[in-house]
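All remarks here apply to the structure that follows.
Protein chains: 4
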Amino acid sequence: MIGHGFMGAAHSQGWRVAPRFHDLPARPEMTLLVGRNASGVEASARKWGWEQTATDWRAAVERDDIDVIDIVTPGDSHAEIAIAALQAGKHVLCEKPLANTLEEAEAMAAAADRAGKGVFAMVGFTYRRVPAAAFARDLVQSGAIGEVRQVRSAYLQDWLVDAEAPLTWRLQKEHAGSGALGDLGAHAVDLAQFITGQRITGVTGILNTFVHERPLLDRASGQAGTVAVERGNVTVDDLALFSGRFDGGAVGSFEATRMSTGRKNALRIEVAGSTGAISFDLENMNSLGFYDATLPGTRQGFTNIMVTEPAHPYLSAWWPAGHALGYEHGFTHQAKDFVEAIAEGRQPEPSFADGLQVQKVLHGVERSAEADSIWTQTV
Amino acid sequence: MIGHGFMGAAHSQGWRVAPRFHDLPARPEMTLLVGRNASGVEASARKWGWEQTATDWRAAVERDDIDVIDIVTPGDSHAEIAIAALQAGKHVLCEKPLANTLEEAEAMAAAADRAGKGVFAMVGFTYRRVPAAAFARDLVQSGAIGEVRQVRSAYLQDWLVDAEAPLTWRLQKEHAGSGALGDLGAHAVDLAQFITGQRITGVTGILNTFVHERPLLDRASGQAGTVAVERGNVTVDDLALFSGRFDGGAVGSFEATRMSTGRKNALRIEVAGSTGAISFDLENMNSLGFYDATLPGTRQGFTNIMVTEPAHPYLSAWWPAGHALGYEHGFTHQAKDFVEAIAEGRQPEPSFADGLQVQKVLHGVERSAEADSIWTQTV
Amino acid sequence: MIGHGFMGAAHSQGWRVAPRFHDLPARPEMTLLVGRNASGVEASARKWGWEQTATDWRAAVERDDIDVIDIVTPGDSHAEIAIAALQAGKHVLCEKPLANTLEEAEAMAAAADRAGKGVFAMVGFTYRRVPAAAFARDLVQSGAIGEVRQVRSAYLQDWLVDAEAPLTWRLQKEHAGSGALGDLGAHAVDLAQFITGQRITGVTGILNTFVHERPLLDRASGQAGTVAVERGNVTVDDLALFSGRFDGGAVGSFEATRMSTGRKNALRIEVAGSTGAISFDLENMNSLGFYDATLPGTRQGFTNIMVTEPAHPYLSAWWPAGHALGYEHGFTHQAKDFVEAIAEGRQPEPSFADGLQVQKVLHGVERSAEADSIWTQTV
Amino acid sequence: MIGHGFMGAAHSQGWRVAPRFHDLPARPEMTLLVGRNASGVEASARKWGWEQTATDWRAAVERDDIDVIDIVTPGDSHAEIAIAALQAGKHVLCEKPLANTLEEAEAMAAAADRAGKGVFAMVGFTYRRVPAAAFARDLVQSGAIGEVRQVRSAYLQDWLVDAEAPLTWRLQKEHAGSGALGDLGAHAVDLAQFITGQRITGVTGILNTFVHERPLLDRASGQAGTVAVERGNVTVDDLALFSGRFDGGAVGSFEATRMSTGRKNALRIEVAGSTGAISFDLENMNSLGFYDATLPGTRQGFTNIMVTEPAHPYLSAWWPAGHALGYEHGFTHQAKDFVEAIAEGRQPEPSFADGLQVQKVLHGVERSAEADSIWTQTV
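Protein chains in written order, with UniProt numbering: chain A, 1 to 379; chain B, 1 to 379; chain C, 1 to 379; chain D, 1 to 379.
Now the structure itself:
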């Protein structure tokens, strides 16, 4: 695994736990953890249970005893590592967003296409693997809501509400590519396309930055109150609002923001069809709302399905009905799905091509926002 | 009162009940009900308690013993009646939307401006008078959520989901002006502006029609299954999605649809500010969500305020805490506010100018939608 | 109508509004309002729209042009008035609880039995007439939850949480009979029996008083802070907890309290059967939770039915789907049901016998509580 | 660890994950897994990551290199194993309920008392370690709801609703001790006492069995439909309802059932005090309802606190705010708390004495139920 930040902890838990609950065709070995800071990566490896460490990702790519490269670094290094790993014949799991620019994403998808027979790449949209989201897709694809017409998708967080929150790399375009759009909007788009089975073909959008200057990260610490805090420019969006049309005829609205006060991790999606609807909110991740318009009229309503039954996706491996799963289970399910596909010689989903397609939608939103919200094709 | 459809029943209940719970400075008398069909209006008057009837609205405008004209007809007759009534020195209460076209709305606002001293006109956005909505405004205006940044407003119904629902006048542009946009979007816009105290200055939007042909109303009845049902074209939108910027710096998303399966009367609004947020859904109309980001961090969360305390807006007249009000109470509160303003010689809110402003926003959405969603100024 | 307190306002609204929305076989006339204080009753009559007033309830009973006596006085005068009215051949609607003592309740039920042919008495458990509660009964009686096994019923309010709330008559046994038990527990029992269609046959219970002394009502006012407040003893329960067995085999728990902090008017009931369950809370009175255990396992869950469809009980007279009703609509429905039954010569429900049976259950709880919670038969 | 059923999986996950997220003073080693069936325990050990296996629990007690014995067998073997382990100087973690009989529980508590200095025993009420439950206790103990008055506690499941569910050992008194009472009621009692900080001193209760005969487990399989299914008697309760008084003056109601249709794992508790209230439901385990009656009246309501902030109990080790934890995290927290207490030479909570006290309450309920619900002291 390359990288050992917050996502590193989550992926480590995925690799560690997956074989303890699921019957996997191959057992993952947590061989090598890579990070640029030797003592830091050593500490992470000890804590998370990785056998060895290295400070250069090339060490992993070059080793013959390593089959899988898991990339959890910031987006600007994804392309270089992933392409090299694929060329070296390694399977690749890469965190989302696939890359910071459309060009890099295209190069990565091309590298995955060119990879040898039986070498696969996957992008880490783990929210597909929340059982309630996976079950939402099952319902929609089985026709339970009829013809899909409307989508309402939003990913709302609030950790940037405070205007004095520091100017991290996530707020600088050169490092992060975009703001809430790429960080959160990518999930909202992927989940909408995953559940509906439709692809977005065009968009109109606006981007907005509410707080234009924030304290510089290293200058701010330790001096609060005594000297003037040095500030830098926020160069990404705080809020993205866009609407899109899908290739199957559906129409959707999307929102991504890290300034929606009171919403901590609210990835919400509502999908309405000709005979039903579903409703999901990641802040209540073990439940799915389902409206069945074919029931007798007086008995219709949104049913709060606790997606914890053994027959629900991923659940047979876990606890009795009603016992909740949490955030990190998505990473366990991701490890399971990835290992199974690799072992069976199948392309795991979502592929780099899927990741590229999401990137194109986000790119379309940016172009629309720069051009007075004009309608912009994304295919 | 001119008109005696669904809105006539609601307004009648407002006039009847207001003086029984509120201490009004003047007691409304339900003198004359006007409708084109003599026997129909006679039956309505008997049922609702109006003293007399007429078949021509001019009868009301010409009578000296009538002070107030309440207009609840479809939108295409609002302008003519309201302008005549104002010219005759009557106070006017006119249902929303103010008119079907921007031109008519402008003429009505001008007539209200020209009306004699102490003659007033009001437009019927009653949802402002749901106590939870009024309290939301109070909170926001008192600074309880800080600087207002984001608005998420939607009005969702589902009575047109069925593709075989007949082609009523509400689905024909020549009669209804627009579809969900004018019928429901008008409320979403008014409520957002009312609560934030900000005005929308520009929009980008899309309109969509999912079902393009529907059975003709009079042809469809009685023949189902035996002969081919004659169909006509739906010439209005089924769905309106738009985003707007407010003059105070806020940004908002809006949705109006009558095809959101499972949503019966979901006028929803969420407003996020720099120190808090509010959340409201008309389907749960006695409650308001309020997030106070100034509380200690571990105690923050959305508080479900039951807006039924005597100290909440309009509530001192009603029942003990926890006893719910319903849909029609908005009309009672409207009657109360209207009578009080008239008796005190004040302009009741929202004025025709307010109604015109909402109309301009909707008009901007239509123009944007016709021009590839290009950003469109609305002021 | 005899009495003109809070309940007088509610009943007046019921009589006033019922004929405006429902097609009644007879139109109620609000002829005479009776109260002991001449100026007070005069003011109430003017506000609520009663034609005449009197200060002695016998005036109503003796008049030939009055057909119905509606009793909304405190419980200790119910028996005398109701019995006299029935003897005079008047139909009687009497607020709950039927009486303060079992003996009075028995006398009232006997008087109703003895009343002339076509003379009827009804007790005012209006919560049966909340559409969601009525629909819950319909579901259960139609077999939608199978064999009824468990009931969880509670009526929670919080207006006595403050230990400095004054010692009103409701806190004195000689005037109120009991505390939360009779005031709120009566509703919890009636609703449970109404929905299940089963009668409670035995109980075990405890009663508790948390605040034993409170400021005397008339002494407390105007002197706060200056002199010692005089206090009196609370002689009724603050909390009643009891369990009961039903004649159909179900088992239930009950709670009544006016000190459940944060609960304003939470009459809650959950009923579980062999193939389903229902869940209702008066604080969310337009909704009913329904669990259908015969659906496919992965689609089961509590469905939030908005009980606002035209096909739901009482709803055809009101607004389109999704438009909420409020507290007072129960009184309108009560007026409707009463008038219809009287006009058709049927016994309206719940009868005085039904009210007496509830009283016996409450009496059983008191006896059990006095005898170390020993199991006590109530039939 | 002795035992390898469902609880074995949960405890294994606790031991495995705790050191990966928390900084523990000692690292647990998963040395030996014991089960009576050699091949079964071998498979479990391989799956869960235990190094060695044995078929006799005495093997564990006798080994010098083992410091901790974790007991997850059915209740009837707890006493023998725990007492032997304590006598051998091992720390013991024992699943709830402590034992099947009061006598055994007393013996275990005595053994823990007699254990050598620095040897500790703990009972596994893990729901205390759900962050929202732990935070509820913190709030109540900090005085945030004032003087505690009322408790409403219930543990509702529904896996025995089907009358054809087989007669497992959990339905036989000789193996399980009691039914829902011991299985679920134990949690309801422990959680209520944990949060309030008060102990139950007396109870009145009833027990009920709805389904008296069920198919025998081994006879039923494979033959359904072809021959008459042999049935056996259910000798434990399906439902326990009881009320209790606490030593601090609070009064509470309790319910335990495995036949509450639609409730999968609903451990609910509401606690009301003189200045606030809390509300929790394990089916929504990342949230806590908190009512603060000291806020301005118009702003009061139940606040839905997402207990996922770094400052909430246990949360600093996990994910960013808003990222949910699940059922098994309680076992990770249990492992952490146990290891920390042992390493620091402190008695971990809840102790065997705490477990015994809960047992006494359940025993009191049984005695009350057998004696016509008579009030029964439990101290």
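Just so you know, even glycine gets a beta-carbon here, dropped at the ideal spot from N, CA and C. All figures in this text were calculated on a predicted structure; none of them were measured in a lab.
Per-residue contacts from residue i into chain C (C-beta, under 9 Å)
i, result
"G326/A", "Here the premise fails: no neighbours, minimum Cβ distance about 20 Å."
"G40/B", "By Cβ distance, chain C contributes nothing, its closest Cβ being about 16 Å from G40/B, past 9 Å."
"M259/B", "Chain C residues near M259/B: none, gap ~14 Å exceeds 9 Å."
"A272/D", "L156, D158, V161, T257, M259, S260, T261, G262 and R263"
Which of helix, strand or coil DSSP assigns to residue i
i, result
"A224/D", "Because the pLDDT at A224/D is just 47, under 50, the model does not fix this residue reliably, and the point stays unresolved."
"H11/C", "helix"
"H22/D", "coil"
"E95/B", "strand"
"I71/A", "strand"
"Q334/D", "helix"
"Q347/C", "coil"
"E244/A", "Going by the sequence as given, residue 244/A is Gly instead of Glu. If DSSP states are grouped into helix, strand and coil, G244/A belongs with the strands."
"I374/A", "coil"
"R149/D", "strand"
"I66/D", "coil"
"L325/D", "coil"
"G5/D", "coil"
"A88/A", "coil"
"G355/B", "helix"
8 Å contact criterion, which residue i and residue j should meet: CB distance rounded
i, j, result
"T53/C", "V41/C", "5 Å"
"R199/A", "D247/A", "5 Å"
"V365/C", "V203/C", "5 Å"
Proximal chain A residues relative to residue i, where beta-carbon distance stays under 9 Å
i, result
"Y155/B", "Correct list: empty, because the minimum Cβ distance to chain A is about 13 Å."
"Q300/C", "T303, I305, M306 and E309"
"F280/C", "Simply none; closest approach about 13 Å."
Contact list for residue i against chain C, beta-carbon separation under 8 Å
i, result
"G49/B", "R20"
"I200/D", "Within 8 Å Cβ-Cβ: nothing; I200/D doesn't reach chain C, min ~13 Å."
Chain A contact residues for residue i, given Cβ-Cβ distances below 8 Å
i, result
"G124/C", "Going along chain A, no residue has its Cβ under 8 Å from G124/C, so there is no contact; the nearest lies around 26 Å."
"E255/B", "R152 and S253"
"W15/D", "Within chain A, no residue comes near W15/D; the closest Cβ sits about 11 Å away, beyond 8 Å."
"G297/C", "E309 and A311"
Own chain, CB closer than 6 Å to residue i, minus 5 neighbours either side, in chain order
i, result
"P350/C", "V123 and F125"
"G355/D", "L98 and V123"
"G330/C", "T126, R129 and V130"
"A224/D", "In this prediction, A224/D has a pLDDT of 47, which is less than 50 and means its spatial position is unreliable; nothing more can be read from the coordinates."
"G35/B", "H4 and V41"
"V189/A", "V358 and V361"
Partner residues on chain A for residue i, Cβ-Cβ distance less than 7 Å
i, result
"H323/D", "N265 and Y327"
Partners in chain C for residue i, counting only beta-carbon separations shorter than 7 Å
i, result
"S373/D", "T204, S373, I374 and W375"
Close-in-space but distant-in-sequence residues of the same chain around residue i (CB under 8 Å, 5 per side omitted)
i, result
"S316/B", "P310"
7 Å Cβ shell around residue i - same chain, five flanking residues per side excluded
i, result
"G146/A", "G273, S274, T275 and G276"
In chain order, each alpha helix (DSSP H) run of at least 4 residues that lies wholly inside the stretch 155 to 226 of chain C: The alpha helix (DSSP H) runs lying completely inside the stretch 155 to 226 of chain C and spanning 4 residues or more are 173 to 176, 186 to 196 and 217 to 220, given in chain order.
Sequence ranges, beta strand (DSSP E) only - wholly within the stretch 253 to 323 of chain B, length at least 3: Runs of the beta strand (DSSP E) inside the stretch 253 to 323 of chain B: 266 to 273, 276 to 281, 287 to 292 and 302 to 306.
Inside the stretch 24 to 59 of chain C only - beta strand (DSSP E) runs reaching at least 3 residues: For the stretch 24 to 59 of chain C, whole beta strand (DSSP E) runs of length 3 or above, ordered along the chain, are 32 to 34 and 52 to 54.
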